[in-house]
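Student:
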Amino acid sequence: MQKTFLSRQDLPSETYLPKGVAHGCADCSNCLKVTARWRPEDARKDVLEEVPVFHPTEEEFSDTLKYIASVHSRAEGYGICRIIPPPSWNPPCLIKEKKVWETSPFMAQIQRIDGLQDEHIKSKIISCKRNSVTMDTDHEVGEGYSMNCDEVGCSNTDGFASEPDPKFTLESFKKCADDFKNQYFCSSKDVFSNMDSDGCSKQWKPSVENIEGEYRRIIENPTEEMEVLYGSNLDTGVFGSGFPTKSSISKTDEYLESGWNLNNTPRLSGSLLSFESNKTCGVLVPQLNVGMCFSTF
1 MQKTFLSRQD
11 LPSETYLPKG
21 VAHGCADCSN
31 CLKVTARWRP
41 EDARKDVLEE
51 VPVFHPTEEE
61 FSDTLKYIAS
71 VHSRAEGYGI
81 CRIIPPPSWN
91 PPCLIKEKKV
101 WETSPFMAQI
111 QRIDGLQDEH
121 IKSKIISCKR
131 NSVTMDTDHE
141 VGEGYSMNCD
151 EVGCSNTDGF
161 ASEPDPKFTL
171 ESFKKCADDF
181 KNQYFCSSKD
191 VFSNMDSDGC
201 SKQWKPSVEN
211 IEGEYRRIIE
221 NPTEEMEVLY
231 GSNLDTGVFG
241 SGFPTKSSIS
251 KTDEYLESGW
261 NLNNTPRLSG
271 SLLSFESNKT
281 CGVLVPQLNV
291 GMCFSTF
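So in full-length UniProt numbering, spot 24 of the sequence shown is number 24, and the numbers just go up one at a time.
#1: Taking 8 Å as the threshold (C-beta atoms), are V47 and I80 in contact?
#2: Between G231, I211 and L65, which lies nearest to P40 when the distance is taken from Cα to Cα?
#3: Measuring straight from C-alpha to C-alpha, what distance separates G282 and K167?
#4: Hey, D42 and E225 are a contact pair by Cβ (cut 8 Å); roughly how many whole angstroms apart?
#5: Restricting to runs no shorter than 4 residues, where is the alpha helix (DSSP H) found entirely within the stretch 19 to 57?
#6: Can the beta-carbon of A108 be found less than 8 Å from the beta-carbon of G231?
#7: So the candidates are H55, K99 and Q111; which of them puts its Cα closest to the Cα of A22?
#8: Starting from L268, follow its DSSP beta bridges and name the residues at the other end.
#9: Do you know offhand how far D235's Cα is from F275's?
#10: Measuring CA to CA, which of G270, N289, F294 and V290 is closest to F180?
#11: Taking just the CA atoms, how far does T245 sit from L94?
#12: Would DSSP call L6 helix, strand or coil?
#13: With DSSP as the reference, label K167 as helix, strand or coil.
#14: What is the DSSP secondary structure of V291, reduced to helix, strand or coil?
#15: Just mark E214 as buried or exposed, buried being the case when its beta carbon has 16 or more other beta carbons within 10 Å.
#16: Give me, in chain order, the residues of the same chain whose beta-carbon lies closer than 8 Å to that of Y255; leave out the 5 immediate sequence neighbours on both sides.
This is the structure we're talking about:
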C-alpha cells in the first residue's frame with residue numbers, strides 16, 4: 001500500500017484574522033454587518049492589460065459565427081474579449097420581470113475570499129505531491145506526517161470553498177449587495193471628508209480601479225476574514241438566462257431567433273457544439289450566476 005506524506009513546511013502557515021463581516025442579526029437573518037474597511041493606501045496598483053474590445057457594425061453583427069471568426073486571432077491570446085453590439089441591439093431584461101425579480105428564491109452561499117490565494121497554493125502542493133514522493137507505510141517516515149484531502153483543503157481544489165446561506169430573491173440580494181458595498185467603501189470618514197450622516201457621499205461611488213486594487217489587496221495581504229455572498233448556476237428554467245426562449249415570449253421576436261441569443265449560439269450551423277446531443281450540457285445552456293462586490297467565480 002502506498003501513501004503520500006507531506007512535511008508541515010510544505011503547507012502555508014495558518015494566520016488567524018479578525019472577522020470583517022458578520023452575518024445576520026436579531027431582526028434579519030440575511031443582513032450583513034461590515035466591520036472591515038477599504039484601505040486605499042495599501043491597494044495593489046499593478047497595471048493589468050485590458051482585454052480586446054470589439055464594436056461590430058450592423059452588417060458584421062448579423063452573422064454571429066462569421067464575426068467571431070474574424071476577431072479570433074486578435075482575442076485568442078487573452079482567452080476572453082468583449083463584443084459590444086450596435087446601438088440597435090436592445091433585448092429585454094427578462095430577469096427583472098416581477099415574477100422573477102421579486103418572488104423567485106435561490107440559496108446563496110458564503111465565500112471567504114481572503115483565503116483564496118492560500119487555497120490555490122495548497123491545491124498546487126497536493127497536485128505536486130500526488131505525482132512525486134510516495135513511501136511504503138511500513139517504512140520509517142521521520143518528521144513527515146500523512147494528510148488527507150480535508151486537512152489540506154483540497155476537497156474543493158479550485159479554492160472557492162463555500163457553505164449554504166439564507167434564501168434570497170434577486171431583489172433582496174441586490175439590496176444586500178448594495179448595502180455591503182456601501183458599508184465597506186463609504187463608512188470611513190478618515191478617507192473622505194464630504195460624507196453625509198450615513199457615512200457616504202450620495203454622489204461618490206468606488207471606481208473599478210478602487211475595487212480592483214482593494215480586491216487584490218484582500219487576496220494578497222488580507223487584514224480581516226472577508227466573506228461575501230454569491231449564487232451559482234441558478235436554475236435558468238426559473239430565472240431565465242437573460243435571453244428570450246419560446247416558453248418566455250408569446251410572439252416571434254428578433255431576439256428569440258438571433259444568433260447572439262446564447263440559447264441559440266451553440267446550435268448555429270458551423271458550430272462544433274451543434275453535434276452535442278445532450279440538450280442539458282453545460283456548454284449548450286447559458287448559466288446564470290449572481291454575486292456582490294468581491295465575489296469570485
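Virtual Cβ for every residue (Gly too), placed ideally from N, Cα, C.
Tutor: Looking at the coordinates:
#1: no
#2: I211
#3: 24 Å
#4: In fact, because the Cβ distance is near 17 Å, the residues do not count as touching under 8 Å.
#5: none
#6: yes
#7: Q111
#8: Beta-bridge pairing links L268 to no other residue.
#9: 24 Å
#10: F294
#11: 10 Å
#12: For L6, the pLDDT reaches just 44, beneath the cut-off of 50, and the residue's location in the model is therefore unreliable, although a value from the coordinates is still provided. Of the three classes helix, strand and coil, the one that applies to L6 here is strand, per DSSP.
#13: strand
#14: Position check: residue 291 holds Gly in this sequence, whereas Val was assumed. The answer is strand: DSSP assigns G291 an E or B state.
#15: buried
#16: P91, P92, F243, P244 and N261
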